[in-house]
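Reading through the structure tokens given below for one structure.
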């Protein structure tokens, strides 16, 4: 009788296993349900025909396989398996009725008693040892968590007065060398509590003080109450700069405000800017640079409104700017026309030279509904033709950006020219 070699059998089983996995991956939902139903029926038939000795042998084999699997698995795969088991348990518990739940709990209790009765003293001791080990690991993780959250940021660097956590500061002892730029109250001390940056600076024996030393007079002082009383929109009217960036609010009950996207920066003559600053503030509401986004869906219209008390802004000695020369040379509105120079702000077609930063001149503007000019403020061109020189004349169309609407009310869309 022919006996298959072990290596040949291993290769055959591996090929069959791969073929079976590919078949499972390519099967449809209907075929999958049929296969699972067929497997369940075959399993029920086998378990109904097995004897008590065969059942005990099967359960013992399952426990041994599970122990081997746990020995091989990594902490990440073990956590993923437990998470998947927990999700399956929640799904089964949500779908069952009270009668089936009671019968399941009774069956689980009977299986537990049978398993305890079938355990040897060595198996029971190993099981209890595993439970004790898991309990100690949970207790250690809880202690570590309590220790982490009870660590406060209550240490101060004596040079830059930065508030730090205990692991962010260290003591610098002076032996022979002591910097001469230290104030008298620090120069008289034999050791200083410093942050890592200041400690590195003092240890390098540089002849200049750290940039953030408190005696450099970098502290702007207490913020006036007039500034504290302003709302977010009112502060925008008094801002020295107008940031071109998207402000978003993160999810959750106590979601914080954050910035998203690219920020556009413009070079300014800082000395001239400081001289003209008193004449620039506060800005008018039209020059604040605030764009209110309105989400318009099929049966929904959500808007965000700000109420601005100009009396709060006028309480600060300043006046409204009157021309573009006092706003860093930036106009309130930008008008596009045939012959205007534009620059792409995103990559459209790298092979044709339509990349971020490409500059060209507008040769044609196509408005919606055969209009010859912009009829409403919210209208944008259907397309524009731009001459990019040696890269040729190309048609540029608006791009659409979709993002989830607030409170899961569908999807909002924004259309804009990429130039």
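Numbering (full-length UniProt numbering), first residue to last: 1 to 419. Where is the CB? At the ideal position from N, CA and C, for every residue including glycine.
Quiz item: Using the rule of at least 16 other Cβ atoms within 10 Å of the residue's Cβ for burial, across every protein chain shown, is residue 362 buried or exposed?
Solution: buried
Exercise. Below 7 Å CB to CB, which residues in the same chain sit around residue 267 once its five sequence neighbours on both sides are set aside?
Key: Model confidence at residue 267 stands at a pLDDT of 47, short of 50, so the residue's coordinates are unreliable and nothing is read from them.
Exercise. Compute the beta-carbon to beta-carbon distance between residue 191 and residue 174, rounded to the nearest angstrom, for a pair I have assumed lies under 8 Å.
Key: 7 Å
Self-check item: Sequence-distant residues of its chain with Cβ nearer than 6 Å to residue 397 (five each side left out)
Solution: 383
Quiz item: Is there contact between the region 176-193 and the region 216-231, where contact requires at least three CB pairs shorter than 8 Å?
Solution: No: fewer than three Cβ pairs fall under 8 Å.
Self-check item: Nearest to residue 351 (by Cα), restricted to the options 392, 371 and 368
Solution: 392
Quiz item: What are the boundary residues of the alpha helix (DSSP H) that residue 383 is part of?
Solution: Segment 383-387 is the beta strand (DSSP E) holding residue 383; no alpha helix (DSSP H) there.
Quiz item: From which residue to which residue does the beta strand (DSSP E) around residue 366 run?
Solution: 359-366
Exercise. Using beta-carbon positions only, say whether residue 347 and residue 355 come within less than 9 Å of one another.
Key: yes
Self-check item: Buried or exposed by the 16-neighbour rule on C-beta atoms within 10 Å, applied to residue 201
Solution: Burial call: buried.
Self-check item: Of the residues 122, 205, 83 and 60, the one placed nearest residue 176, counting alpha carbons only
Solution: 205
Quiz item: Using the rule of at least 16 other Cβ atoms within 10 Å of the residue's Cβ for burial, across every protein chain shown, is residue 344 buried or exposed?
Solution: buried
Exercise. Measure the alpha-carbon distance for residue 159 versus residue 199 and round it to whole angstroms.
Key: Rounded to the nearest angstrom, the two C-alpha atoms are 9 Å apart.
Quiz item: For residue 187, which option in 170, 167 and 209 has the closest C-alpha, if you only look at C-alpha atoms?
Solution: 209
Quiz item: For residue 182, is the classification buried or exposed, using 16 other Cβ atoms within 10 angstroms of its Cβ as the cut-off for buried?
Solution: Counting Cβ neighbours within 10 Å, residue 182 comes out buried, since at least 16 surround it.
Exercise. Whole angstroms is fine: what's the gap from residue 184's alpha carbon to residue 150's?
Key: 35 Å
Quiz prompt | Inter-residue Cα distance where the pair is residue 54 and residue 118 | solution = 14 Å
Practice problem: Would you mind reading off the limits of the beta strand (DSSP E) that contains residue 69? | Solution: Careful: residue 69 lies outside any beta strand (DSSP E), inside the alpha helix (DSSP H) at 52-72.
Quiz item: Could you give the distance in angstroms between the alpha-carbon of residue 59 and the alpha-carbon of residue 142?
Solution: If you draw a straight line from the Cα of residue 59 to the Cα of residue 142, it is about 35 Å long.
Self-check item: residue 35 at chain D interface by Cβ criterion, 9 Å
Solution: Absent from the structure: chain D. Only one protein chain is present.
Exercise. Give the DSSP-derived three-state secondary structure of residue 204 in the structure shown.
Key: coil
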